[in-house]
Amino acid sequence: MTTPLIEDNQPPRVRMAPSPTGNLHIGTARTALFNYLFAKHYGGTFVMRSEDTDLERSTKEFEHNILEGLEWLGIVWDEGVTVEGERGEHGPYRQSQRADTYRTYLEQLLKEGKAFYCWHTSDELQAEQQDQVANKEAPRHVCSYRDSQPDEAVKQQAIVRFRNDAKDSVTFHDYVKGDITFKAELLGDFSIAKRLDEALYNFAVVVDDETMRITHVVRGEDHISNTPKQILLQEALGFVRPKYVHLPLILGSDRSKLSKRHGATAIAQYRELGYLPRALFNFIALIGWHPADTQEIMPKELIVEHFSIEAIQQAGAIFDVEKLNWMNGEYIRATGIAELTREARPYLVAAGFVDEQTDEAWLQKVVALEQQRIHKLSEIVEATAFIFSQPQYEPALLIWKKSDEGKTRSALSQLLGIIQGIDASSWNAGGIEAVIMPTAEATGDRGSMLWPLRVALTGRKGSPGPFEIMEVLGKEQTLERLARAQELLLQFS
RNA sequence: GGCCCUAUCGUCUAACGGCUAGGACACCAGGUUCUCAUCCUGGAAAUCGGGGUUCGAUUCCCCGUGGGGCUACCA
């Protein structure tokens, strides 16, 4: 009874249909990503449609934000709306421009008696529902105006409802959840349009998916309960039923549907924080899906290659920022220093540390200093702050735990002497280390010299190694900071 | 309330009736390091409960319980 997901090697046509009533968030991106993966894996077509029928809440800015965010993530589509306009042969792809198409099918249903006008007031509908809830019945509207013939004036105030005479149950196969059955009569005479010129969601979706030749509907499981309504409409209109794939929801830490109160949900926020698009792509793909082997860090191409609907999880999954942080760190470490510097530079510029003219080679060394220490690009600012301004610290910090003030004092003056003798041609991490290490070893406990050196340079308990830092800082700045440390130590005693 | 979905370590998950229930993140301990980070080694940590089916259930069925979604003239 259940047909294969892909029949006769027919490449699928899938769609993503965001409504531009808010910025791109994690959940939307995940649905788009899975549509993309599915389409690419089978060599199909990914269509982007804009469900902007809610004129009150839809804006061009939101649509722009969604499209741009998806592109940034590396999710591309073959057909549909674009920032500039749209492309493809099944348009228009914005529901706000498809009123004529909807009207055609609406009139067909009306003419065939499969839809009718209803002018019950919202008070009446509400009262009906309250009664039903009180009687422990399914809330729905079974309209008494089914066979009435309203005049034009009434029609202008009425909404169009589907005449639901179905007595059987509606069963559809979901390729993640299995067979799902609803009792059709519990759906009532559901609404499909506000008058003739404003189609409502369930109706618009059905018409769009048919006219855009969509073969597979891949969407969040919050749409499962809409599916029987859409199937009833497909049958009334003589449309083909697409195959359904309902994705488990992404949950917040308290297991409810992910929303703003769980923290950052907008893709743009993650972008600002410095999550790399390829890391986010990888991470989101792993929410509710997993490859056959245990490898988790996988580039886009590999994910596309391994993607399969069968491996999609049935239960919702919590969005775990901790694991994202780890993964982003992995990607940061795996990124070439030139590319990483290009990506990190804007953060340093915004912090006022550098500008667009700052020497590229030098900046790469700065970024390299912290490459294995940061988990998101925004952390580069705090991590490298000591490079760009004199460190502030307590003099006591200069003294290593296994050392004392006297040893620290002599270590600093020894260092000053050695460093002054290093000539410009040897001023690099390796060259500096070559002359300092033997002396540090000679003290018997090299930490008694290396620790104060590092603290003098950074003012921090934890930091990169001193030699790399000295190379970045330059000889003059290094000497200045060491001299400053000496002064501080004097004040300390 | 009604309808639907769902249930393995804290989290993401593996084990398509048959091993000491495996991996990853986080956590803890140890090693490496002047320090932090990286890296390496080790550790603690789970099959919601009750009935069935079966020689045998994490796995299949039923009933509970928990969690979630939907319940608009939003999408």
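For the first sequence, numbering that gives the first Met the number 0 gives the first residue as 0, with consecutive numbering after it.
Every residue gets a Cβ at the ideal spot worked out from N, C-alpha and C, and that includes glycine.
Locate the alpha helix (DSSP H) running through G26, then write down its first and last residues.
25-40
Any chance you could list the alpha helix (DSSP H) runs of at least 4 consecutive residues sitting entirely within the segment 323-399, in chain order?
336-349, 359-369, 378-387
Consult DSSP for L320 and reduce its assignment to one of helix, strand or coil.
According to the sequence as given, residue 320 is Val; it is not Leu. The answer is helix: DSSP assigns V320 an H, G or I state.
Using C-beta distances below 8 Å, list every residue in its chain close to G87, excluding the 5 sequence neighbours before and after it, in chain order.
V46, D77, E78, G79
Here's a check: name, in chain order, each residue in its chain whose Cβ is nearer than 6 Å to the Cβ of V169, leaving out the five neighbours to either side.
F181, A183, P227, I230
Exposed or buried, which one is V454 when buried takes at least 16 other CB atoms within 10 Å?
buried
For R218, count neighbouring C-beta atoms within 10 Å of its own C-beta (all shown protein chains included) and say buried if the count is 16 or more, exposed if not.
buried
When the Cα atoms are used, what is the spatial distance from I563 to E369?
Residue 563 lies beyond the range of the chain shown here (0 to 492); nothing can be said about it.
Measure the alpha-carbon distance for G335 versus I266 and round it to whole angstroms.
24 Å
Apply the 10 Å Cβ neighbour rule to F499 and answer buried if 16 or more other Cβ atoms are within range, or exposed otherwise.
No answer is possible for residue 499: the residues shown for the chain start at 0 and end at 492.
Unbroken stretches of the alpha helix (DSSP H), 4 residues or longer, contained in the segment 119-162:
121-133, 151-156
Start-to-end residues for the alpha helix (DSSP H) that takes in Y269
266-272
So I65 and L23 are supposed to be a Cβ contact under 8 Å. How far apart are they, rounded?
4 Å
I need the DSSP call for T214, collapsed to helix, strand or coil.
coil
Can you give the Cα-Cα distance for N134 and E127, rounded to whole angstroms?
11 Å
Start and end of the alpha helix (DSSP H) containing F61?
59-72
If we count the other Cβ atoms within 10 Å of its Cβ and call it buried at 16 or more, is I296 buried or exposed?
exposed
Report yes if the C-beta distance between L376 and A337 is below 9 Å; otherwise report no.
no
If you reduce the DSSP assignment to three classes, tell me which class R277 lands in.
helix
May I ask which residues mark the beginning and end of the alpha helix (DSSP H) holding D99?
98-110
Nearest residue (CA-CA) to M15, options T27, I5, Q9, D7:
T27
What distance in whole Å lies between the Cβ atoms of T457 and F385, which are believed to be in contact at a cut-off of 8 Å?
5 Å
Would you identify the three-state DSSP class for Y200, choosing helix, strand or coil?
helix
Compare the C-alpha of M469 against each of D196, A278, Q419 and name the closest.
Q419
Rank C142, F115, F171, F161 by C-alpha distance to the C-alpha of D150 and give the top, closest one.
F115
Three or more C-beta pairs under 8 Å: does that hold for the segment 57-71 against the segment 309-327?
no
With L232 as the anchor, note down where its alpha helix (DSSP H) starts and where it stops.
226-236
Tell me which residue opens and which closes the alpha helix (DSSP H) that V454 is part of.
446-457
Return the residue from the list L236, G461, L415, L279 that minimises the CA-CA distance to E475.
L415
Apart from the five residues on each side of it in sequence, which residues of its chain come closer than 7 Å, Cβ to Cβ, to W426?
E470, K474
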